[in-house]
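The opening residue of the sequence shown carries number 50 in our numbering; numbering runs sequentially from there.
Note that the Cβ used here is the ideal one computed from N, Cα and C, for glycine as well.
Written below as structure tokens is the structure these notes are about.
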Amino acid sequence: MDPAIIPIITAVIGVTGTVAVGYMGFLHNRLSAAKSAEQAMIERLEKRLDKQDAEIKELEQKLAKTEQRAETLERENDQLKERVRKLEGERAAVELLNATLTAENERLKTDLQTATRHNGELLAQVNDLEFENQAQAQKIAELQGRLAPAGDCL
Numbered sequence: 050m051d052p053a054i055i056p057i058i059t060a061v062i063g064v065t066g067t068v069a070v071g072y073m074g075f076l077h078n079r080l081s082a083a084k085s086a087e088q089a090m091i092e093r094l095e096k097r098l099d100k101q102d103a104e105i106k107e108l109e110q111k112l113a114k115t116e117q118r119a120e121t122l123e124r125e126n127d128q129l130k131e132r133v134r135k136l137e138g139e140r141a142a143v144e145l146l147n148a149t150l151t152a153e154n155e156r157l158k159t160d161l162q163t164a165t166r167h168n169g170e171l172l173a174q175v176n177d178l179e180f181e182n183q184a185q186a187q188k189i190a191e192l193q194g195r196l197a198p199a200g201d202c203l
């Protein structure tokens, strides 16, 4: 090897080493920047995750309250349905009673009409009997009037 080349090779190696060290520094800076960006991204994601966890907890609480309210409403609905069933049963009983009372009322009206008619007939008979009684009373008075002069004779 030519001894004149050695300083050139040494210079090239020195420059290459300097370039390599510079490049290594550049790579280190890039890697550091990437790590910083990655760390910033991780922090943003962690904050976002914390926020979403808080939202999830809040939504779970709302869901629990909503489920409780739904259960309460279901119980109330069941109670109201039972009350409606009872009222419908009572309504059916009232309708049956109403029909029975209506029939009884009609029967009583018929009985009243019959009694009124019979009463009219009885009043007519009473009037006839009173008229007959008056006629008989007149006959008795007449007969007594005739008997009185005959009784004076005895």
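- Spatial distance of Q117 from E137 (CA atoms): 30 Å
- Item | DSSP state of P198 mapped onto helix, strand, coil | P198: helix per DSSP, three-state reduction.
- Query: What's the C-alpha gap between E179 and L171?
  - Reply: 12 Å
- Taking the C-alpha atoms as reference points, what is the distance between K135 and A142? 10 Å
- Message: Tell me the DSSP secondary structure of D160 in three-state form.
- Response: helix
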